[in-house]
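Protein sequence lines, in the order shown, are assigned to chains A and B. The working numbering puts the first residue of the first sequence at 1, with every later residue one more than the last. The working numbering puts the first residue of the second sequence at 1001, with every later residue one more than the last. We put the CB at the ideal spot given by N, CA and C, even for glycine. First the structure, in the form of structure tokens, and then the observations on it.
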Amino acid sequence: MSAHSRRHFLKLSLATAASSIIHAPLIHATISKHVVIIGGGIGGSTAARYLRKMDSSIKVTLIEPKSHYTTCFMSNEFLAGLRSFKSLEFSYHKLAEQGISIIHDYVVAIDADKQSITRSSGDTIHYDRCIVSPGIDFKWNAIEGYDETTAKDIPHAYQAGQQTLTLKKQLDAMRNGGTVIIAPPANPFRCPPAPYERASQIAHYLKMHKPKSKIIILDDKEEFSKQKLFEAGWKRHYGYGTNHSIIEWVSVAQGGHVESINAKSHIVSAQADDFKADVINIIPPQQAGKLAFTAGLTDQSGWCPVDHKTFESTIHKNIHVIGDSSISSPLPKSGYAANSEAKVCAAAIISLFNGDRPLAPSLINTCYSLLAPNDAISVAMVYGYKNDKIIKMDGAGGLTPNDTSDHMRQREADYAHSWFNNITHDIFG
Amino acid sequence: MTVSKPVKYTLMSCLLFGLNAHAVSPNKASLLANACAGCHGPNGSSQGPATPSIAEMSPVYFIESMSAFKTDERPATVMNRIAKGYTKEQIKLMADFFYSQKMLRTEQLTDPAMASLGETLHAANCEKCHAKGGRESADDSGLLAGQKIPYLRYTIQDILNGDRAVSRKMFKRLSSIHDELDSDGIEQLLHYYGSQK
Ligand SMILES: Cc1cc2nc3c(=O)[nH]c(=O)nc-3n(C[C@H](O)[C@H](O)[C@H](O)COP(=O)(O)OP(=O)(O)OC[C@H]3O[C@@H](n4cnc5c(N)ncnc54)[C@H](O)[C@@H]3O)c2cc1C
């Protein structure tokens, strides 16, 4: 600090000190700090914990209908039979112990003018600031015949829980020699590598237990996340590219686009052909969580525009949107991103309450994909800011190198499991 | 104690504000460090099984490691890709932040007999630079006590393979343990470090 700016700084702090003598009682009488968080998933729970951790004078209320959260991440390992369902479940006890009020209910409306939310019980709650992290919703009927009712028997398993259990049960019940269809959507959608990790994990299960079976990926894209690394992994483990490959990928140009499904006959009609399958996993196109629409937080893209430094909605003041629902690109719609955004948002809210300028130095995303036990790949990136917008840091990040050794991919698998343990500990305590 | 001027004024304004109720806004260092928690655990204490804890780490060691990752001198899975996203100043802020955190040591599966043999090996070969059983940050070397075993195993493999540069002395000591006792000696060391609470 130069002598000049130091003098300036001292003058300023003296000025604040002096004015606070006069205004202090007033400030305390008027500033209330109640943050209501809607959605106790990755974004919402992280925000709740970090708000309390960084400023215990803030009252935090978290509203989430479910008594337990089931993580999507590592749910593909459960499908492979490599981990228990229980290991994916997290309760809200630790958050409650931290002094966060947990209400198990569903929010039906937000009144941005009155700064209040309405629960399904009809009760309303006033907020000073609100954080919305409702995850994703599906565009039902984008694929003819695929709606909320059909999804009960033909799971998407893209919101973990009962859906994941249904898919696992169907895989377990399938005959040796059966066909599994996985149909991922076009971009953007939640966790872009997840459908291909799922194919890898199910392939591992089939290889071990039902080796005559096959997976057909009917894709709505020409290329997908970490494609080269996935395909190399499928070659290593599942005979990809040969006549005996467990996995077959049909790109959109090859007719992978799914037009309709018949839930009764189990026939998937893609542009290329009609496919009869034993197990069907449709991952429909997505948009922001339903509440984001009800509350008028979305734009024409179906996602929520936000200020990147605070995650405050650019449509409604005092409402912040984080996680998959927000438009935070170049950050992907991932759990790590939701966790990272939640921390920036929580810190910004504290600064705003204090009348300070929010600092937002950087964010991280790292997403691992498990190809087989002891074999994982990753994508990583550090994000900074330019003109108040999130940008990828030059020279940082990228994929696992194509020529990496088996040994390094074994390490990545160990680090993937550590990531799961650490991030869930960070979020749920 | 002498109190620097800015601190004095902060204290003063806190008193004038009636304190507590008026919280301090999060600083840059904590914001930078928060993003690391996804992989390294809250405040840098890892639950494992493999990702190392970085809490309590010597700032000198932290900065040295990040620089080595940045230039790809040290073998890494993701850390070389991550380190390239930070400036020198940001790395310094994170180094000081993690140094000020307490490392929480979670239980790891270890064999007491192996650990005890490892303790003897440590005392004879490593204690000089990794003081207090590898728990001392002040010696600016990596924290070993309670560190995650798979991570330590990978690191030693890298050192023995010549992929990770260390002092000649350390290389010689580790090589001689490895030559005399084969991988048993290294495993004994790992059980010793991993068993420390
Ligand atoms: C198969 C799969 C694998 C994945 N693997 C990874 C991975 O390895 N790494 C990674 O980083 N990410 C991964 N992800 C992505 C990650 O799960 C999501 O990005 C993350 O969950 C997004 O967090 P969120 O807070 O936006 O939404 P969610 O975690 O879905 O949370 C939303 C919460 O809001 C609640 N809610 C919704 N509406 C309301 C309402 N009206 N009132 C009250 N509560 C409401 C819901 O009940 C839910 O609990 C994976 C996803 C899938 C599907």
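Check	Outcome
Helix, strand or coil: how does DSSP classify residue 365 of chain A here?	strand
Does the Cβ-Cβ distance between residue 224 of chain A and residue 196 of chain A come in under 8 Å?	yes
Quick one: Cα of residue 1175 of chain B to Cα of residue 1153 of chain B, how far?	14 Å
In or out: residue 1057 of chain B buried (at least 16 other Cβ within 10 Å) or exposed?	buried
Of all the residues that make up the segment 211–235 of chain A, which are near chain B by a beta-carbon distance shorter than 9 Å?	none
Between A:416, A:31 and A:182, which has its C-alpha nearest residue 59 of chain A's C-alpha?	A:31
When we look at the beta-carbon of residue 419 of chain A and count the other beta-carbons within 10 Å, is it buried (16 or more) or exposed?	buried
Pull up the distance between the alpha-carbon of residue 1037 of chain B and that of residue 41 of chain A, whole angstroms please.	17 Å
At a CB distance below 8 Å, what residues from the segment 1148–1164 of chain B approach chain A? Give them in sequence order.	1148, 1150 and 1154
Which ranges does the alpha helix (DSSP H) cover as unbroken runs of at least 4 residues, wholly within the segment 207–282 of chain A, from first to last along the chain?	227–238
For residue 135 of chain A, I'd like the list of residues in its chain whose CB is within less than 6 Å of its CB, leaving aside the five on either flank, ordered along the chain.	41, 289 and 324
What does residue 361 of chain A touch in chain B if you count any residue whose Cβ is under 8 Å from its own?	1028, 1031, 1032 and 1090
Since residue 287 of chain A sits in a beta bridge, which residues does DSSP pair it with?	A:137
Output the residue ranges of the beta strand (DSSP E) runs that lie fully inside the segment 316–398 of chain A and measure 3 residues or longer, sorted by chain position.	319–321, 363–372, 375–386 and 389–392
Identify every run of the beta strand (DSSP E) within the segment 1104–1168 of chain B, keeping only runs that are complete inside it and at least 3 residues long; order them along the chain.	none
Of all Cβ atoms in chain B, is any one closer than 8 Å to the Cβ of residue 385 of chain A?	no
With C-beta atoms as the reference, is residue 328 of chain A less than 8 Å away from residue 342 of chain A?	no
Taking the CB atoms as reference points, tell me whether residue 1055 of chain B and residue 1102 of chain B lie closer together than 8 Å.	yes
Considering only the alpha carbon of each residue, which of A:249, A:391 and A:62 lies closest to residue 222 of chain A?	A:249
For the segment 79–130 of chain A, list the alpha helix (DSSP H) runs that are entirely contained and at least 4 residues long, ordered along the chain.	93–97
Does DSSP classify residue 1189 of chain B as helix, strand or coil?	helix
Near residue 1051 of chain B, which residues of its chain fall below 8 Å by C-beta distance, leaving aside the five closest residues on each side in sequence?	1039, 1040, 1041, 1148 and 1151
State the DSSP-derived secondary structure class of residue 1175 of chain B, mapped to helix, strand or coil.	helix
Should residue 273 of chain A go down as buried or exposed, given a rule of 16 or more other Cβ atoms within 10 Å for buried?	exposed
For residue 333 of chain A, count neighbouring Cβ atoms within 10 angstroms of its own Cβ and tell me buried if that reaches 16, exposed if not.	buried
Would you kindly check if the distance between the Cβ of residue 1188 of chain B and the Cβ of residue 1117 of chain B is under 8 Å?	yes
Under 8 Å, CB to CB, which of the residues in the segment 371–384 of chain A have a partner in chain B?	378, 380, 381, 382, 383 and 384
Please confirm whether any heavy atom of ligand 1 lies closer than 7 Å to the CB of residue 304 of chain A.	no
Could you compute how far the alpha carbon of residue 252 of chain A sits from the alpha carbon of residue 220 of chain A?	5 Å
Reducing DSSP to helix, strand and coil, say where residue 1060 of chain B ends up.	helix
For chain A, is any of its Cβ atoms less than 8 Å away from the one on residue 1203 of chain B?	The shown model of chain B, from 1001 to 1197, leaves out residue 1203 of chain B, and the question about it has no answer.
Just checking my contact of residue 63 of chain A with residue 133 of chain A at CB under 8 Å: how many whole Å lie between their CB atoms?	In fact, because the Cβ distance is near 11 Å, the residues do not count as touching under 8 Å.
Per DSSP, what kind of secondary structure is residue 297 of chain A in: helix, strand or coil?	coil
Could you tell me whether any Cβ in chain A is nearer than 8 Å to the Cβ of residue 1048 of chain B?	yes
Determine the chain B residues that contact residue 388 of chain A at a beta-carbon separation under 7 Å, and present them in chain order.	Within 7 Å Cβ-Cβ: nothing; residue 388 of chain A doesn't reach chain B, min ~15 Å.
From what residue to what residue does the alpha helix (DSSP H) around residue 417 of chain A run?	406–428
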